[in-house]
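Enquirer: The UniProt record's numbering numbers the first residue of the sequence shown as 1 and each following residue consecutively.
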Amino acid sequence: MRHCRTFLTRRTEISKPPEYYEGRLEGTAPEHQCYIFLHASQSPELFPKVQKTSVSLELQARATRWGGIVNFSWFNDGSAPQMIEKGLQPATVFSRLGGKLEIPDVSLENIDQVEDTIKTHLQGPSLLTEGEKGGSDIHIYVCTHGVRDCRCGERGKQVYNALVKAVNDARQREPIARNIRIGEVGHVGGHKYAANVLIYPQGEWLGIVKPDDAPSLINQALESLRKGVKPLDSTAPPTFLSHWRGRMGLSKEEQKNLWAKHAGIEDNHVAEKELRPIPRS
Numbered sequence: 001m002r003h004c005r006t007f008l009t010r011r012t013e014i015s016k017p018p019e020y021y022e023g024r025l026e027g028t029a030p031e032h033q034c035y036i037f038l039h040a041s042q043s044p045e046l047f048p049k050v051q052k053t054s055v056s057l058e059l060q061a062r063a064t065r066w067g068g069i070v071n072f073s074w075f076n077d078g079s080a081p082q083m084i085e086k087g088l089q090p091a092t093v094f095s096r097l098g099g100k101l102e103i104p105d106v107s108l109e110n111i112d113q114v115e116d117t118i119k120t121h122l123q124g125p126s127l128l129t130e131g132e133k134g135g136s137d138i139h140i141y142v143c144t145h146g147v148r149d150c151r152c153g154e155r156g157k158q159v160y161n162a163l164v165k166a167v168n169d170a171r172q173r174e175p176i177a178r179n180i181r182i183g184e185v186g187h188v189g190g191h192k193y194a195a196n197v198l199i200y201p202q203g204e205w206l207g208i209v210k211p212d213d214a215p216s217l218i219n220q221a222l223e224s225l226r227k228g229v230k231p232l233d234s235t236a237p238p239t240f241l242s243h244w245r246g247r248m249g250l251s252k253e254e255q256k257n258l259w260a261k262h263a264g265i266e267d268n269h270v271a272e273k274e275l276r277p278i279p280r281s
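1. Does any residue of chain D have a CB that is nearer than 8 Å to the CB of P175?
2. By the three-class DSSP mapping on this structure, what secondary structure does L128 have?
3. Is the beta carbon of residue 360 sitting closer than 8 Å to the one on T239?
4. Shortest alpha-carbon distance to G78 belongs to which of P48, R245 and G183?
5. Can you confirm whether the stretch 38-56 touches the stretch 163-178 when touching is taken to mean that 3 or more C-beta pairs between the two stretches lie within less than 8 Å?
6. So what does DSSP say about R96, is it helix, strand or coil?
7. Taking the continuous beta strand (DSSP E) assigned at V142, which residues delimit it?
8. Going along the chain, which residues of its own chain have a beta-carbon closer than 6 Å to the beta-carbon of I265, five neighbours each way excluded?
9. Once the 5 residues before and after K119 are set aside, which same chain residues still bring their CB inside 8 Å of it?
10. So the candidates are N76, N110 and S95; which of them puts its Cα closest to the Cα of Q89?
11. Terminal residues of the continuous beta strand (DSSP E) containing I36?
12. So for S56, helix, strand or coil by DSSP?
13. Could you check whether G186 and F72 sit closer than 8 Å to each other, using their CB atoms as the reference points?
14. Among the candidates S41, Q60 and S95, whose CA atom is the shortest distance from the CA of V229?
15. Taking its Cβ as the centre, do 16 or more other Cβ atoms sit within 10 Å of P18, making it buried, or is it exposed?
16. Check the C-beta distance from L206 over to W244 and give it rounded, since I have them as a contact under 8 Å.
17. Once you ignore the five residues that flank W60 on each side, which residues in its own chain have a CB closer than 8 Å to its CB?
18. Would you give the residue range spanned by the beta strand (DSSP E) that I180 belongs to?
19. Which partner residues of G68 appear in the DSSP bridge assignment?
20. When the Cα atoms are used, what is the spatial distance from Q113 to V106?
21. Hey, out of C150, R171, A195 and L122, whose CA is closest to I201's CA?
22. Are the CB atoms of G189 and E45 nearer to each other than 8 Å?
23. If G246 and Q33 are in contact, beta carbons under 8 Å, what's the gap, nearest whole angstrom?
24. Buried or exposed for T28, going by 16 or more other Cβ atoms inside 10 Å?
25. Can you give the Cα-Cα distance for D213 and Y160, rounded to whole angstroms?
26. Indicate the three-state DSSP secondary structure (helix, strand or coil) for residue 283 in the structure shown.
27. Report the partner residues of I103 according to the DSSP bridge assignment.
28. What does DSSP give as the partner residue(s) for W74 in the beta ladder?
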């Protein structure tokens, strides 16, 4: 992991990231209709500055045409390395209408079939309709790609560790917490918003998340599991309004309007300089 820039003083060297971003976050999530997580064999902490393979490049070239984003993710459960050692490249796909889709292997040889499968998934019904309980899980991804930017490496890893602890604590109380998976993800864009957290299948993007926020995030995930997990539509209130960057399936303008509505701002077209971010702890 690359550390943040070093500041020299008379007595010692202090390595620390820049101060936390204090501006507004809404509308900073990239527009996308689906997110494709290629399973990596190692933590993003160990990724090079740009993590790519021939498969990821070809898949992204195709996905760009239908609103998909391709990235690499890692869970500390040992499953991905075993699959990759067998020559397989598993992937997890989330879309606004289709929810979650697991693909056992993505290769240049089957890329046409994979593309067709994902495009069909984009048009499919949500996995859970309102009122249905359980039967799914929640993936919480934290960007820990430290070589890309030190803020993601240092702040991201702190938040990741805090989330792991919070979910382990929750599992002692509620068995349903085992349906919450905490993972790491490569560069998502927006270094200054670190720590960046992505929540799927809901499709929520959060920024400036700190370790102290972890218990609240897990409690929110537990509540979602009790109600039935599904992607959020254009009317659902933002998750953690003060940290909300945006949502899968929404344009930049729709993200800003949704935030303004739930922030109590009647005129969504008020001048940018007249708006202030919601205070973050």
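From the three backbone atoms N, C-alpha and C, an ideal C-beta is built for every residue, glycine too. Predicted, not measured: the structure shown is a model, and the values here were computed from it.
Expert: Quick look at the numbers:
1. In the structure shown, chain D cannot be found, because there is only a single protein chain.
2. Residue placement at L128 is flagged as unreliable, the pLDDT there being 39, under the threshold of 50; a coordinate-derived value is accordingly withheld.
3. It is not possible to answer for residue 360, since the shown part of the chain is limited to 1 through 281.
4. When only C-alpha atoms are compared, the closest one is G183.
5. no
6. coil
7. I138 to C143
8. none
9. W66
10. N110
11. C34 to H39
12. S56 falls in the helix class under three-state DSSP.
13. yes
14. Out of S41, Q60 and S95, S95 has the C-alpha closest to the C-alpha of V229.
15. exposed
16. 6 Å
17. The sequence as given places Gln at residue 60; Trp does not occur at that position. Cβ neighbours of Q60 beyond the five flanking positions: G68, I69 and V70.
18. Its beta strand (DSSP E) spans residues I180 to V185.
19. C34
20. 9 Å
21. Sequence inspection shows Pro at residue 201; the Ile mentioned does not correspond to that position. The shortest C-alpha separation from P201 is found at L122.
22. Going by C-beta atoms, G189 is not nearer than 8 Å to E45.
23. So it is not a contact: roughly 13 Å between Cβ atoms.
24. buried
25. Distance from the CA atom of D213 to the CA atom of Y160, rounded to whole angstroms, is 11 Å.
26. This structure gives no information on residue 283, because the portion of the chain shown stretches from 1 to 281.
27. A91
28. E184
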